[in-house]
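**Student:** Below: one structure in structure tokens.
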Amino acid sequence: MPQVAVVQYPGSNCDLDALEVLQKIVRVKTDLVWHKQLTHDNYDGYILPGGFSYGDYLRAGAIAAHSPSLKIVREAAKAGKPVLGICNGFQILVEANLLPGAVLRNANLRFICKWINLRVDNNKTPFTRKMKMGQLLRVPIAHNEGRYYLEPEQIQTLEKNGQVVLRYADNKGDTTMDANPNGSLENIAGICNPDHNVMGLMPHPERASQSELSPYNNAEGRLIFDSMIETIRERNEGRR
Amino acid sequence: MVLKTRNQYRTVEVIIQNKPLARDPEGETIHRNLVLKGGYDLVTGVRAGKLLRMTVQAESGQEAENIVRRLCDDLRIYNPVAHSCEVRIVGKEDRITE
Amino acid sequence: MTVLEEIQKPNLTREEMEYAVRKLGRQPGSVEWAMLEAEWSEHCSYKSSRQVLKQLPTKGPRVLVGPGYDAGVVDVGEGWVITLHIESHNHPSAIDPYGGAATGVGGVVRDILSLGTRPIALLDPLRFGKLDSPHSRWLFENVVRGIGEYGNCIGVPTVGGEVEFDESFERNCLVDVVCVGLGKKKDLVMADADTLGDLVYLVGGSTGRDGIRGASFASRVLTEKSDTERSAVQVPDPFAKKLIIEAVLEAVNSGLVRGMKDLGGGGITCALSEMAAKGGTGMRIELDKVRKREPDMHAAEIMISESQERMALVINPKMEDRLIQTLEKYEIPYSRIGTVTNDGQLTITMGGDIVASAPSRFVAEAPLAHHSSRKPVYIDKLEKTNHPDAPKDLGRTLLRLLASSNIASKEWIYRQYDHEVGIRTLVKPGDADSAHLRLPNGKRLAITIGGNSKRCYLDPYWGSVGAVSEALCNLAATGAQPLAVVDHLQFGNPNNPEVYWTFKETVRGITDYLTAVKVACVGGKVSFYNEDAETGTAIKPSPVISAIGLVEKQTRLIREAFTGKGNDVIIVGETGPEMGGSEYYEHIHRVTGGTVPRVRLKTEKKLLAAIVRTLRSNLALSAHDCSKGGLAVTLSEMAIKSGRVGFKVDLDKLPGKAGRIDEKLFSESPSRFILETERRKTNRVIRSFRRAGILAGKLGETTDDQHLSFGDRMQTFRLDLSEASDIWGRTISEIMEVRSQ
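Chains as they are written, first to last, in this note's numbering: chain A, 1 to 240; chain B, 1001 to 1098; chain C, 2001 to 2741.
As structure tokens, then:
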């Protein structure tokens, strides 16, 4: 039976949202684990939720990245388990060097809360396997520091390795400047590690997993969680 | 004949922080949750602030400082109700332009 | 009474001081004077308003707790309750808009938390001077940033609000924040400290000299640190707040907390005296146990400090270990500062000595302050204002109104607020007249704001009635049955008889309206002294109402945007030539005067119920109530929000006494709704209103020609949908984003 953990940091505030979606919609056994209590890699997968860990003081995710819980998350990642970082969770993974790059202040220097389109640029990861290449997902963003940045030389490596998973796009699927809400390099919204089992994204799929919550009546966000759980089931079966 | 002018510049740093006796949640959190937990217990305090570094054309450090102080008040670079504003000269250079 | 040295006199009236000596039976000591000065301040005691507020109806079928506690409590069924409160931080925001607004959010959230409920939504009704003033732009920019950063950080969505721009707020902006909480009825924590032997814990931030201003007795006598070293306004710490929210809720859900109160104005003095007074008990408090942030703090300073993020918890001693465990999990500092006694006294010790001892009820219950009132002369004068001539170019007039800051899109504001966190927000900001949140029992909570200072200035009674009506109409327009309201009443100096008169008229208006519609007021605040010290100009009277309503799950979500072409546009309600305080008069003609719109109290309840019934029966595709800018703006907004659907209306079909075309277009008569209906349902809908004695009629149709067309037998005019949409959409962001090129 698959079992995942949503790791809570002081200041996480999308933990209950992720829990609700995983338990009620995706229907997978999920535990909320306070970061100090994550001492063993007992789960099949991990979600680092959104929020303002440590108030985003110093830099978003900078202080949480030093939590001892990251040792377990690193172990799990090394063992090939899926690890998903949403918004602040993505920032924590970047600060902890589990994902490359940096997430900086939005280009317009303001917090932005709105629904955007994401284009699937790699549908072979544990988080996107249930999607089609080029599929558009409508999900909301809500962040102050969402501008993804990487040294230009490294972007090429990222793309070559298929590490760019999701990009901001317009209704036609084009990654235009207008479709880019925060100035992220190459409209990058979500990336993964070279092994593809650790992914971080700035948008909030847990807010787009139930049609009544969406202005478009869609629930595409849940495909990320569905994909993750399918991967876990496969891994568990493979090991038996 | 080409006319050359030599101008003097000063580099001025402006540091904006919360007032000394006001709380500084960011500094306190960095101190408590990062520095101390990281084992650096010889560090007894951290305050956070914003740094602006300005280049000012001025003949003297005092002149540059006066300009920047006036600018900070005029343009509400800081809010005197909540912040303190330190201004200090950190550099000087001559530039020759044609 | 012996004469205190001039410099040592507390900031109380002679009557209050004499009352204190009489009631106590002796001269209060210096710490006791400081406590009384804090607790008997207008802000904490409501001494100028309590008596007048008694007339408000506070009971209702679902009301569990009315005014007098930190928040009102309403039963929403299946064991769930909603808490509601409104707070303001006007004076601090005027000098530090970022910190003042942020800590204002912190304050109202603490009140909701004090009852043991989780804060689940915020709304921000704001008032500033006109946006052509750089000072007002500075305030607006930073207030929005303060509210956004604080609310977003603690993970509570800001789902609605409003902003009104008027010269009277130039030096005295109004920053109000509404908070809604959700919890289980069985977990409700009342503020009372009613059990002998219970322990008093102070958790959260440490205590410094915050809030001890120059005018306060304590600061004059006791401290000499100059203002330059200390911040005049509290520094926000939303991270600390978030930890306190989670720790407190965990403690509450484990049944560890018996009584709780947040520390706001008046600090420890207010919180503890009020808790003990409610419980009919006393407390013995050791100030040495209070965690302090500054050295050499005097007892009086500790008692009245307003340092942020502190909560007082009263617990059964058996629960102490578990409470400590919870607090340590979240690394929240705490200290046990005292116990609950049964002698009715608030006994304060420091260094082993008793520094204050007075009955808790005596401290908590300030003597009433009496004020005279007098109707201002300007009121009758302004009512007689002549009706200005109608402009020739009505289309241009409508465009100017759509572009005016009181009407234009507020998207610039709410894009900065996380309105989705918590995954409860079904109807988002800008979608409809009220926000909708889903509740765990399958129902929906609607929440909204009403207020109009321009009208209240001209006629405080009818203006206030209109403000409440606006809030309830906002609920009805989304199919919600009203549950309760809270009110924030904001005025100038109550010692000015004319100001006090407007306060009384305001409360009279709100009372009459709520009585007519049978809805309770479950809490609120009064904020006086909102006036410019230099010029003595008071703000326009500003009652702000927040209303909550309930929707059964089966109803489809109703929004403002027209849904498609070929549908009928129906008007419900009566349009009269009452232009006083309208945006048309104030913004286009620069006229302050005229008759303020009057609500028909006798038919209001019936009207609201009929609208809700119609929407619940899925008979309307979209709905919007008429407010600022009148019918013309309401229709335009419905088209603009659709993005592609235009309309054509015939103003000769408009029910009501409005005769001139500008009256028909721009009158802000209350209790009117525009419904979009499928052609085959129109007659049925109109008939059902008429049968209930409510005026209703078909005004026109929705079209796909991308025009907003108005006409009567004499003239027609129309606007381009895209032009109207553009100008309405970009006004505020253009004004505020001047920097970015």
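Glycine included, each C-beta is placed from N, C-alpha and C at the ideal position.
Determine, using beta carbons only, whether P2670/C and G2536/C come nearer to each other than 8 angstroms.
**Tutor:** On the third sequence, residue 2670/C is found 670 positions in, with the first residue counted as 1. On the third sequence, residue 2536/C is found 536 positions in, with the first residue counted as 1. Not in contact: P2670/C and G2536/C (Cβ atoms no closer than 8 angstroms).
**Student:** Less than 8 angstroms between C-beta atoms, sequence neighbours within five positions excluded: which residues of the same chain meet that for I2337/C?
**Tutor:** Position 337 of the third sequence, counted from the first residue, corresponds to residue 2337/C. Answer for I2337/C: V2200, Y2201, L2202, I2285, E2286, L2287, K2289, V2290, listed in chain order.
**Student:** Run down chain B in chain order and give the residues with a C-beta less than 9 angstroms from the C-beta of Y54/A.
**Tutor:** Along the first sequence, one-based indexing puts residue 54/A at 54. Within 9 angstroms Cβ-Cβ: T1029, I1030, N1033, L1034.
**Student:** Distance cutoff 8 angstroms, beta carbons only. Does G946/B sit that close to anything in chain A?
**Tutor:** In the structure displayed, chain B extends from 1001 to 1098; residue 946/B sits before or after that span and is not available.
**Student:** So, is the C-beta of F2239/C closer than 8 angstroms to a C-beta in chain B?
**Tutor:** Looking up residue 2239/C in the third sequence gives position 239. Judged by the 8 angstroms Cβ criterion, F2239/C is in contact with chain B.
**Student:** Quick check: the Cα distance between A2312/C and D2262/C, rounded to an integer number of angstroms?
**Tutor:** Numbered from 1 along the third sequence, position 312 holds the residue referred to as residue 2312/C. Numbered from 1 along the third sequence, position 262 holds the residue referred to as residue 2262/C. If I take the Cα positions, the gap works out to 6 angstroms.
**Student:** Note the first and the last residue of the continuous alpha helix (DSSP H) segment covering A2364/C.
**Tutor:** Here residue 2364/C refers to the residue found at position 364 when the third sequence is read from its first residue. Start and end: 2360-2364.
**Student:** Quick one: which residues of the stretch 1045-1065 of chain B get their C-beta closer than 8 angstroms to a C-beta of chain C? List them in chain order.
**Tutor:** none
**Student:** Can you give me the Cβ contacts of M2303/C inside the same chain, cut-off strictly under 7 angstroms, excluding the 5 residues immediately before and after it?
**Tutor:** For the purposes of this step, residue 2303/C is taken as the residue at position 303 of the third sequence. For M2303/C, where only same-chain residues beyond five positions count, the Cβ hits under 7 angstroms are V2031, A2034, M2035, G2267, I2268, T2269, I2348.
**Student:** How big is the Cα-Cα spacing for A2632/C and K2292/C?
**Tutor:** Locating residue 2632/C in the third sequence gives position 632, counting from the first residue. Locating residue 2292/C in the third sequence gives position 292, counting from the first residue. So the two alpha carbons sit approximately 59 angstroms from each other.
**Student:** Which residues mark the beginning and the end of the beta strand (DSSP E) in which I2423/C is found?
**Tutor:** For the purposes of this step, residue 2423/C is taken as residue 423 along the third sequence, with counting starting at 1. Premise fails: I2423/C is in no beta strand (DSSP E) and is neither H nor E.
**Student:** Whole angstroms are fine: how far does the CA of Q8/A sit from the CA of L2445/C?
**Tutor:** For the purposes of this step, residue 2445/C is taken as the residue at position 445 of the third sequence. For the purposes of this step, residue 8/A is taken as the residue at position 8 of the first sequence. Using only the alpha carbons, I get a separation of about 28 angstroms.
**Student:** Let me know the secondary structure DSSP gives S2219/C once reduced to three states.
**Tutor:** Taking the first residue of the third sequence as 1, we reach residue 2219/C at position 219. Any answer about S2219/C is weak, because its pLDDT of 48 lies below 50 and its placement is not dependable; what the coordinates show is given next. Helix at S2219/C.
**Student:** Please compile the residues from chain B whose C-beta is within a distance smaller than 7 angstroms of the C-beta of L93/A.
**Tutor:** Counting from one through the first sequence, the residue named residue 93/A turns up at place 93. Within chain B, no residue comes near L93/A; the closest Cβ sits about 18 angstroms away, beyond 7 angstroms.
**Student:** Could you spell out where the beta strand (DSSP E) holding Q1057/B opens and where it closes?
**Tutor:** Mapped onto the second sequence, residue 1057/B falls at position 57. Segment 1049-1057, the beta strand (DSSP E) holding Q1057/B.
**Student:** DSSP three-state call for G2079/C: helix, strand or coil?
**Tutor:** In the third sequence, the residue the question calls residue 2079/C occupies position 79. Here G2079/C sits in coil by DSSP.
**Student:** Just to confirm, are A77/A and L118/A a CB contact at a threshold of 8 angstroms?
**Tutor:** Counting from one through the first sequence, the residue named residue 77/A turns up at place 77. Counting from one through the first sequence, the residue named residue 118/A turns up at place 118. It is not a contact, given that the beta carbons lie outside the stated cut-off.
**Student:** Check whether the stretch 2075-2085 of chain C touches the stretch 2138-2158 of chain C, counting contact only when three or more Cβ pairs, one atom from each stretch, lie closer than 8 angstroms.
**Tutor:** no
**Student:** How would you label P194/A, buried or exposed, when you count the other beta carbons within 10 angstroms and need 16 or more for buried?
**Tutor:** To locate residue 194/A, count along the first sequence from 1; it is residue 194. By the beta-carbon neighbour count (other beta carbons within 10 angstroms, threshold 16), P194/A is exposed.
**Student:** Beta carbon of S2409/C, beta carbon of R2127/C: below 8 angstroms?
**Tutor:** Locating residue 2409/C in the third sequence gives position 409, counting from the first residue. Locating residue 2127/C in the third sequence gives position 127, counting from the first residue. Result no, Cβ atoms of S2409/C and R2127/C do not sit closer than 8 angstroms.
**Student:** Taking the C-alpha atoms as reference points, what is the distance between D121/A and F225/A?
**Tutor:** Numbered from its first residue, the first sequence carries residue 121/A at position 121. Numbered from its first residue, the first sequence carries residue 225/A at position 225. Separation of D121/A and F225/A (C-alpha to C-alpha, rounded to the nearest whole angstrom) is 17 angstroms.
**Student:** Roughly how many angstroms separate the alpha carbons of A2016/C and H2436/C, rounded to a whole number?
**Tutor:** Counting from one through the third sequence, the residue named residue 2016/C turns up at place 16. Counting from one through the third sequence, the residue named residue 2436/C turns up at place 436. The question names Ala, but residue 2016/C in the sequence shown is Glu. Their backbone Cα atoms lie some 46 angstroms apart in a straight line.
**Student:** Just to confirm, are G2581/C and L2458/C a CB contact at a threshold of 8 angstroms?
**Tutor:** In the third sequence, the residue the question calls residue 2581/C occupies position 581. In the third sequence, the residue the question calls residue 2458/C occupies position 458. Taking 8 angstroms as the Cβ cut-off, G2581/C and L2458/C qualify as a contacting pair.
**Student:** Rounded to whole angstroms, what is the Cα-Cα separation between L2721/C and V2649/C?
**Tutor:** Residue mapping note: residue 2721/C aligns to position 721 of the third sequence, counting from 1. Residue mapping note: residue 2649/C aligns to position 649 of the third sequence, counting from 1. Our two residues, L2721/C and V2649/C, have alpha carbons roughly 14 angstroms apart in a direct line.
**Student:** Taking DSSP's pairing of strands, which residues face D2625/C in a bridge?
**Tutor:** Walking along the third sequence from the start, residue 2625/C turns up at place 625. Answer is F2673/C, bridged to D2625/C.
**Student:** Determine the DSSP secondary structure at F225/A, reduced to helix, strand or coil.
**Tutor:** On the first sequence, residue 225/A is found 225 positions in, with the first residue counted as 1. F225/A: helix per DSSP, three-state reduction.
**Student:** Just the chain B side, please: which residues come within less than 9 angstroms of Y46/A by C-beta, in chain order?
**Tutor:** Counting from 1 along the first sequence, the entry for residue 46/A is found at position 46. Here the premise fails: no neighbours, minimum Cβ distance about 21 angstroms.
**Student:** Decide if A79/A is buried, meaning its Cβ has at least 16 other Cβ atoms within 10 Å, or exposed.
**Tutor:** Your numbering for residue 79/A matches position 79 in the first sequence. Exposed, because fewer than 16 other Cβ atoms sit within 10 Å of the Cβ of A79/A.
**Student:** Taking the alpha carbon of A2299/C as the point to measure from, which residue in V2355/C, K2681/C, R2310/C, E2331/C has its own alpha carbon closest?
**Tutor:** Against the third sequence, residue 2299/C aligns to sequence position 299. Among V2355/C, K2681/C, R2310/C, E2331/C, the Cα nearest to that of A2299/C belongs to V2355/C.
**Student:** Can you tell me where the beta strand (DSSP E) holding K2605/C begins and where it ends?
**Tutor:** Position 605 of the third sequence, counting from 1, holds the residue named residue 2605/C. Element bounds for K2605/C: not the beta strand (DSSP E) but the alpha helix (DSSP H), 2601-2616.
**Student:** So with CB distances below 8 angstroms, who are the chain C contacts of D195/A?
**Tutor:** As a position in the first sequence, residue 195/A is number 195, starting the count at 1. None at all; the shortest Cβ gap to chain C is about 31 angstroms.
**Student:** So E2637/C packs on E2560/C, CB below 8 angstroms; how close in whole Å?
**Tutor:** As a first step, residue 2637/C is located in the third sequence; it is residue number 637 there, counting from the start. As a first step, residue 2560/C is located in the third sequence; it is residue number 560 there, counting from the start. About 6 angstroms; that satisfies the 8 angstroms criterion.
**Student:** Using the DSSP secondary-structure output, state which residues sit across from I86/A in a beta bridge.
**Tutor:** Along the first sequence, one-based indexing puts residue 86/A at 86. Beta bridge pairing from DSSP links I86/A with L201/A.
**Student:** My parser needs the beta strand (DSSP E) runs of 3 or more residues fully inside the stretch 2071-2136 of chain C; what are they?
**Tutor:** 2072-2077, 2080-2088, 2118-2128
**Student:** Establish whether the CB of G2099/C and some CB of chain B are separated by less than 8 angstroms.
**Tutor:** Residue 2099/C sits at position 99 when you count from the first residue of the third sequence. Output row for G2099/C: interface = yes.
**Student:** Does the stretch 2521-2532 of chain C come within contact of the stretch 2483-2490 of chain C, defined as at least 3 CB pairs closer than 8 angstroms?
**Tutor:** yes
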